[in-house]
Amino acid sequence: MLVSLWLYPLIGMAAGLSAGLFGVGGGLVIVPALVVCFSALSVSESVLMPLAIGTSLATIVVTSMSSVRAHHKLGNVDWRVWMALTPGIVLGVVFGVNTVAALPAATLKLAFGIFAVAVAIQMAAQLSPPASRVLPGRTELSMAGLVIGYVSALFGIGGGSLTVPFLSFCNVRMQRAVATAAACGLPIAVAGMVSNILLGVGDARLPAYSTGFVYWPAFIGIVVFSVPFAKLGARLAQRLSSLMLKRIFSGFLFIVGIFFFWGA
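With the first letter of the sequence shown counted as 1, position 208 gets the number 207 in numbering that gives the first Met the number 0; the numbers rise by one all the way through.
Next up, the structure:
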């Protein structure tokens, strides 16, 4: 327990740096790190992945508020698009959380590994859909939100790796796409945290200091350190090669993917 209390701030530092340096949400760092920590704490295998994913989404509530405020001050958030995406996002998150709770641990690990490798390939190869269509109507945006929310809840991420390419594909300029995606991270995180708490509350397999599938010692350690280190990462990103940073992080994600394949 004492060792893990030192590890949670380190996870927060790594998650914050990755978000600031690479523009990729900390969930891709937090979830695999928490899986290792919770395994060391002998958390039941049957709730290990839901607890890691639920705790990751809870931390994003705090970090996304800081991000949204900054983007809103710059006037880059398209709140009309946000309003259209949010209902679908919330519904998708609820479905995603229930899927996580129902799937076997091995299946979840395999799915996370595939997702990590897919993101690694996308970053390394600089793959992105061409801006070839206009922004769809409210119904289509809500359906897109459903997919974004579902996948985000499935892997404990803020949704930026899905929302930004989608909005760019719809001819939204990059600054506005990134800012709107950051704003979408808030309903993803809030709905994910609430759903994980309600679904897991009273589960006897969970460790002490958990409320449902949110483990508070990890939440506190990660949140306290992730926000300042995200700012540090953003400053470092201005000085370093963007392409090189993305290739480094894609290599890390590829290793994470292999780790989860092995665990599955």
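All C-beta atoms, glycine included, are put in the ideal place defined by N, C-alpha and C.
Sort Val193, Ser38 and Met122 by Cα distance to valine 163 and report the nearest one.
The shortest Cα separation from valine 163 among Val193, Ser38 and Met122 belongs to Met122.
By the three-class DSSP mapping on this structure, what secondary structure does asparagine 43 have?
What sits at residue 43 in the sequence shown is serine, not asparagine. Coil at serine 43, not helix or strand.
Please classify tyrosine 208: does DSSP put it in a helix, a strand, or coil?
In the structure shown, tyrosine 208 sits in coil (DSSP, three-state: anything other than H, G, I, E or B).
Just to confirm before moving on: does the CB-CB distance between alanine 57 and glycine 191 stay below 9 Å?
In contact: alanine 57 and glycine 191 (Cβ atoms closer than 9 Å).
Taking only runs that begin and end inside the region 143–222, name each unbroken alpha helix (DSSP H) of 4 or more residues, in chain order.
The region 143–222 contains these whole alpha helix (DSSP H) runs: 159–168 and 173–199.
Count the other CB atoms within 10 Å of the CB of proline 288; is the residue buried (16 or more) or exposed (fewer)?
This structure does not reach residue 288, given that the chain is present from 0 up to 263, and the question cannot be answered.
Among the residues of its own chain, which have a CB less than 6 Å from the CB of glycine 199, if the five just before and after it don't count?
Excluding residues within five positions, the ones whose Cβ falls inside 6 Å are Gly211 and Phe212.
Which term fits isoleucine 147, buried or exposed, when burial requires 16 or more other beta carbons within 10 angstroms of its beta carbon?
Under this definition isoleucine 147 is a buried residue.
Let me know if alanine 176 comes out buried or exposed under the rule of 16 or more other beta-carbons within 10 Å of its beta-carbon.
Buried.
Measure the CB-CB distance between alanine 229 and leucine 6 and report whether it falls below 9 Å.
No; because the gap between Cβ atoms is not below 9 Å, this pair is not in contact.
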